[in-house]
Every structure is written in structure tokens, then in C-alpha cells.
Amino acid sequence: QKEVEQDPGPLSVPEGAIVSLNCTYSNSAFQYFMWYRQYSRKGPELLMYTYSSGNKEDGRFTAQVDKSSKYISLFIRDSQPSDSATYLCAMMSSGNTGKLIFGQGTTLQVKP
Amino acid sequence: GAVVSQHPSWVICKSGTSVKIECRSLDFQATTMFWYRQFPKQSLMLMATSNEGSKATYEQGVEKDKFLINHASLTLSTLTVTSAHPEDSSFYICSARGLGGTSGHYNEQFFGPGTRLTVL
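Which chain is which? The protein sequence lines are S and V, in order. If you're matching positions, the first sequence starts at 64 in our numbering and goes up one per residue. If you're matching positions, the second sequence starts at 1077 in our numbering and goes up one per residue.
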């Protein structure tokens, strides 16, 4: 079993839809949770960074962490064609190693 | 925000040759840099962690003699793929973590744009 599971999709939605992306994990030591967006042939771009449980909102993006269920989500409101990309969840335990464990990534396509 | 650059952005080389990839933090000092490899339609796999002034720590299954990492300064780390073979063809991405205060969170990593390596 992988430490982080993420449905690879692809996920196709119409423009303006609400998108829900999620990851599950098995390691209860994870404390830091991140969502990255990666366009084709580019490096990942940090979207959301969350420590421990709770919600965080930034513009059209909302990240949720439920540590009791070992489940994290990213919601995108009013999705735009420019949101079409691969979304990667990443997690890290406390401590100083900085080692990120990534999910497989979900490919999202927002159709005009 | 913090910017990380990589050079070259793509490289094609012959089998058996060595290729060096540079990773630079442009506007902050990076105490730690990470090197990842990404195959098509797959996620990022950590290869090694590089701390300035010390030897890199390699992940299990990554050959340290094949993937040489040097982190000589707080703004530069290099990855050299030695005696490259076609199976080394991949997308190599670095990330950098700054000193406290350079970003909102000490543990935040900033990724470079990646280097696409093709070995013929």
C-alpha cells in the first residue's frame, strides 16, 4: 500500500464547475499537507499549504485536512480552463528532513 | 515569491556521456535542496536530499555514484548524471527550502521548472 493514494483521473469538468480533488494517506505522522499544480513539462507550483487539521481558503481554492480520517481535499470553485493541469498532493511528517511524499497526481481538464 | 531556476531546461546526450544539471535559488538562501525524478504520467520521486556543505542523502535504490550531487553554496546545487543511459531519460526537478523567514513556512519547498533529459 502506498503511503499516499490519489486518484489519477483524468477528471473532466465544464467551466464554472466546482472541482473536488482528494488524497488519502496511511502515515499518521504526517503533519504538513500541500497541494501543488503542475502544468505539462513544468515544475510543480505550490497552491496550498496546511499544517495539521482544518480548512484553508485562498481565492477560489479551499484545502481541507481531516487527520482523523487521514483524508485531505482541494476544492476549486468556478473552475477555469486555465485550471487544467495535474494536481499533486504532498505530505510531510514533522521533523527536519523536509522529505515530501507525493500522491500520483490527478489530471484535471476544464472544458470551456 | 521565492524563485528557483534550473539549467538547462532540456538536454539531449549520447549514451555513456555525463550531464550536469544546475539548480539555483534566485532570491533566497536554500539550506536544503531536493532532487526529484518524474517519469511520464507519474508522480515525483525523491532521489536525494542535499544540504549545503555536506554530503547528499540518497533515497533507497538511487545510485549515489551515478547521480552525483554537489551543494557548494546556499544558492546552488548540481546533479550530474554520469555515464547516462536511455533508461535515465526523465524529467529531473529540484526544489529548495529556505532559511527561516524567507517564506511563510520553514518547511515550504519551491520547485524549479525541471530539466528534461533524453539519452540517445
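Just so it is clear, CB atoms sit at the ideal spot from N, CA and C, and this is done for glycine as well.
Check	Outcome
Chain S within 7 Å of I1145 (chain V), Cβ atoms only	no
Complete runs of the beta strand (DSSP E) confined to the stretch 1103-1130 of chain V [at least 3 residues]	1106-1114, 1120-1127
Inter-residue Cα distance where the pair is T1154 (chain V) and K1117 (chain V)	25 Å
CB contact check: F93 (chain S) to chain V, cutoff 7 Å	no
Bridge partner(s) assigned by DSSP for V1095 (chain V)	V:V1157
Straight-line Cα distance separating P1084 (chain V) from T1093 (chain V)	16 Å
Member of S:S136, S:R123, S:A148 whose CA lies at the smallest distance from the CA of F96 (chain S)	S:S136
D146 (chain S), DSSP secondary structure in three states	helix
Inter-residue spacing [alpha-carbon to alpha-carbon] between M155 (chain S) and F1186 (chain V)	14 Å
Cβ pair V1158 (chain V), K1142 (chain V) closer than 7 Å	According to the sequence provided, residue 1158 (chain V) is Thr. The question's Val does not apply to it. Yes, they are a contact pair.
7 Å Cβ cutoff, K65 (chain S) in contact with chain V	no
Closer than 8 Å at the beta carbon, the chain S residues around Q1185 (chain V)	L109, G161, L163
Residues bridged to I1145 (chain V) [DSSP beta-bridge criterion]	V:L1155
Short CB-CB distance (under 7 Å) between S1151 (chain V) and chain S	Note on residue identity: the sequence assigns Thr, not Ser, to residue 1151 (chain V). No - not a single Cβ of chain S is within 7 Å of the one on T1151 (chain V).
Residue environment, V1079 (chain V), which counts as buried when at least 16 other CB atoms sit within 10 Å	exposed
Rounded Cβ spacing between L185 (chain S) and V82 (chain S) (contact assumed at less than 8 Å)	Here chain S comprises residues numbered 64 to 175, so residue 185 (chain S) is not present and cannot be evaluated.
Backbone secondary structure at P1162 (chain V) - three-state DSSP	helix
Rounded distance between the beta-carbons of Y150 (chain S) and L84 (chain S), thought under 8 Å	5 Å
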